[in-house]
Amino acid sequence: MTCPIRLQKVTESATFKYSKLAKDKEIDLTIGRTGFDTPQIIRDATKKALDEGKVHYTTSKGIPELRGLISRKLKEENKIPGLDKDNILVSAGAKHIIYEAIMSIIQRGDVVALPNPSWVSYESIINLSEGEIAWLPLKPEKGFIPDDDFFSALENSHPKLIMLNSPNNPTGAVYPEKIIKKIVDIAQRNESIILSDEIYEKIIYEGEHFSAGTIYEDTITVNGFSKEYSMTGWRLGYAASPNMELINRMSLIQAQTVSCAVSFVQYGALEAFTDEAREDVTCMVEALKERRDYLINRFKKTKAVIEKPSGAFYVFPFIEGSDDLLFADSLMENGVGVIPGSPFGSSGRGCIRISYGATGLDELEKAADRIESALK
Ligand SMILES: Cc1ncc(COP(=O)(O)O)c(C=O)c1O
């Protein structure tokens, strides 16, 4: 049986693979989520929706009430112009939305500019679309914030699509406004579309989030409920763009694949926009910041290169001269699960991704002791 060419370059997700390996380890720092529960108000509203019989297909793009709240949020908080509920597409997770976006833009040979390192699924989805990746180098000593080398690689690649992700997985970097504006300038010159994945938007400790969609119409802004509201298992994400052609193409894929996001989950998510749900998020971010600060202080005392990341719940230290795959294996043998950096791209070589989202300070201290002795 011949495997279709478009599938041949797709590999198992390294994050899923190492998370599986770490399951029975004493300390698991591989997890791409927080350990907090979904806010009570969202859970209650979802149960109520189920009891009220909201169990059938919804309109493929998502219930109008939810799309209305999302467009209001994007207008008021992110200052993205040109949006109303018709410009919003709700789907089964941001990952599926990203799949729909890439599949509706890219065909064989089209260039997609991808920061190096990047979240593992972008590469696989681009490979599924048979696009060509132009990798944009990032450096640990710059805190993985784009520099001149990144900008010239971007300019010279003339991409059809630029992938942006701030706050970033795996580095935790938050791109300042002026960096996003430079990327938008290049996109404008090359007539590239930008896909701005803002799933960690609310998990920022210093600085401000800036959406490319604020200043560039050909942007697809992607966000979701997984990280902010600890709803990874609920599968709910969304895309927005003032460019209706893009939204219509994505909607077509959606209608012919998943049909719609889960009905009662959409009704529950209406409560995510309340003060009560947002207070839970604020408490979560405070706890995450404490963990980030603790880890950074510990790493600063080692030979690892690390700039304090301002967002998400990952640190991505670089260990000069180390083979990240072997280092991750040896930590795994020592009871600490982490993800090696190279599956995120060649600039991730020598790095490890540590998630502190689901691990409290006591456990982090134990993990840091073991990592520190492995580094000696
Ligand atoms: C950068 C990034 N985008 C998107 C996703 C997927 O989010 P969702 O659970 O909404 O599919 C993840 C999950 O790890 C992520 O890290």
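Heads up: the sequence shown is residues 2 to 377, going by this note's numbering. In this text, a Cβ means the ideal position worked out from N, Cα and C, and glycines have one as well.
Mind reading off the beta-carbon distance from residue i to residue j? Whole number of angstroms is fine, and I expect it under 8 Å.
i              : j              : result
proline 310    : alanine 174    : 6 Å
leucine 30     : threonine 360  : 6 Å
threonine 283  : isoleucine 42  : Not really, about 14 Å apart at Cβ, beyond 8 Å.
arginine 354   : tyrosine 315   : 6 Å
alanine 313    : asparagine 170 : 6 Å
serine 264     : valine 56      : 6 Å
serine 231     : threonine 39   : 5 Å
tyrosine 268   : alanine 46     : 6 Å
leucine 376    : threonine 303  : 5 Å
isoleucine 107 : leucine 155    : With 8 Å as the limit, isoleucine 107 and leucine 155 do not qualify as a contact, their Cβ atoms being about 17 Å apart.
glutamate 248  : asparagine 88  : A small fix is needed here, since residue 248 is isoleucine in this sequence, not glutamate. Their Cβ separation, rounded to whole angstroms, is 6 Å, which keeps isoleucine 248 and asparagine 88 in contact under 8 Å.
glycine 358    : glycine 144    : 20 Å between Cβ atoms; not a contact.
isoleucine 254 : glutamate 101  : 5 Å
serine 92      : alanine 262    : 6 Å
proline 177    : glycine 208    : 6 Å
Which residues in the same chain as residue i place their Cβ atom closer than 6 Å to its Cβ, once the five residues preceding and following it in sequence are excluded?
i              : result
aspartate 198  : Asn166, Val223
isoleucine 307 : Phe300, Pro318
lysine 62      : Leu90, Ser252
glutamate 229  : Lys203, Val282
alanine 23     : Asp29, Thr31, Gly338
isoleucine 297 : Lys309
lysine 26      : Gly336, Gly338
asparagine 128 : Lys10, Val11
glycine 159    : The sequence as given places histidine at residue 159; glycine does not occur at that position. Around histidine 159: Asn191.
isoleucine 181 : Phe211, Ala213
tryptophan 235 : Val266
methionine 164 : Leu115, Tyr123, Leu196
valine 185     : Ala213, Ile216, Tyr217
threonine 412  : What is shown of the chain runs 2 to 377, which leaves residue 412 out entirely.
For residue i, which beta-bridge partners are listed by DSSP?
i             : result
tyrosine 58   : According to DSSP, tyrosine 58 bridges with nothing at all.
valine 91     : Tyr239
tyrosine 315  : Ser356
valine 339    : DSSP lists no partner for valine 339.
leucine 427   : Only positions 2 to 377 of the chain appear in the structure, and residue 427 is not among them; the question remains open.
aspartate 363 : According to DSSP, which records beta bridges pairwise, aspartate 363 is partnered with nothing at all.
aspartate 29  : Gly338
Closer than 6 Å to a non-hydrogen atom of ligand 2 - does that hold for the CB of residue i?
i          : result
serine 130 : Ligand 2 is absent from the structure shown, which contains only ligand 1.
Report all residues from its chain with a CB closer than 8 Å to the CB of residue i; omit the five preceding and five following residues, and keep chain order.
i                 : result
isoleucine 6      : Glu131
phenylalanine 17  : none
aspartate 325     : Pro341, Gly342, Ser343, Gly349, Arg350, Gly351, Cys352, Ile353
glycine 110       : Glu131, Gly132, Glu133
phenylalanine 151 : Pro116, Leu137, Pro138, Leu139
lysine 183        : Pro147, Phe152
Who are the Cβ neighbours of residue i in its own chain at under 7 Å, not counting the five residues just before and after it?
i              : result
alanine 372    : Per the sequence shown, the amino acid found at residue 372 is isoleucine instead of alanine. Same-chain partners within the cutoff: Leu332, Val337.
threonine 12   : Ser125
glutamate 142  : Val306
serine 20      : Thr31, Ile32
leucine 271    : Ala46, Glu66, Leu67, Leu70
isoleucine 205 : Pro168, Val175, Ser311, Gly312
serine 260     : Tyr58, Ser61
arginine 250   : Ser105
serine 193     : Pro160, Lys161, Leu162, Ile163
alanine 369    : Leu296, Arg299
Does the beta carbon of residue i sit closer than 7 Å to a beta carbon anywhere in chain C?
i             : result
glutamate 334 : Here chain C cannot be found, since the structure has a single protein chain.
**Report entry** Contiguous beta strand (DSSP E) assignments of at least 3 residues, all confined to the segment 104–174
**Finding:** 112–117, 133–138, 162–166
Query raised in the report: Would the segment 135–152 and the segment 101–117 be scored as touching if the rule is three or more Cβ pairs under 8 Å?
Result: yes
Requested in this report: Would you list, in sequence order, the uninterrupted alpha helix (DSSP H) runs of no fewer than 4 residues that lie entirely inside the segment 201–270?
Outcome: 245–257, 264–270
Report task. Spell out a yes or no on whether the segment 50–61 and the segment 225–245 are touching, meaning 3 or more CB-CB pairs, one atom from each, closer than 8 Å. Result -> no
**Report entry** Touching by the beta-carbon criterion (3+ pairs, under 8 Å), the segment 282–290 and the segment 336–348
**Finding:** no
Requested in this report: Indicate whether the contact test is met: 3 or more Cβ pairs, each with one atom in the segment 183–195 and one in the segment 207–227, closer than 8 Å.
Outcome: yes
**Report entry** Ranges of the alpha helix (DSSP H) found wholly within the segment 279–316, counting only runs of at least 4
**Finding:** none
Report task. Take every Cβ of the segment 96–108, pair it with every Cβ of the segment 122–134, and state whether three or more of those distances are shorter than 8 Å. Result -> yes
Query raised in the report: Can you find at least 3 beta carbon pairs, one from the segment 68–75 and one from the segment 83–91, that sit closer than 8 Å?
Result: yes
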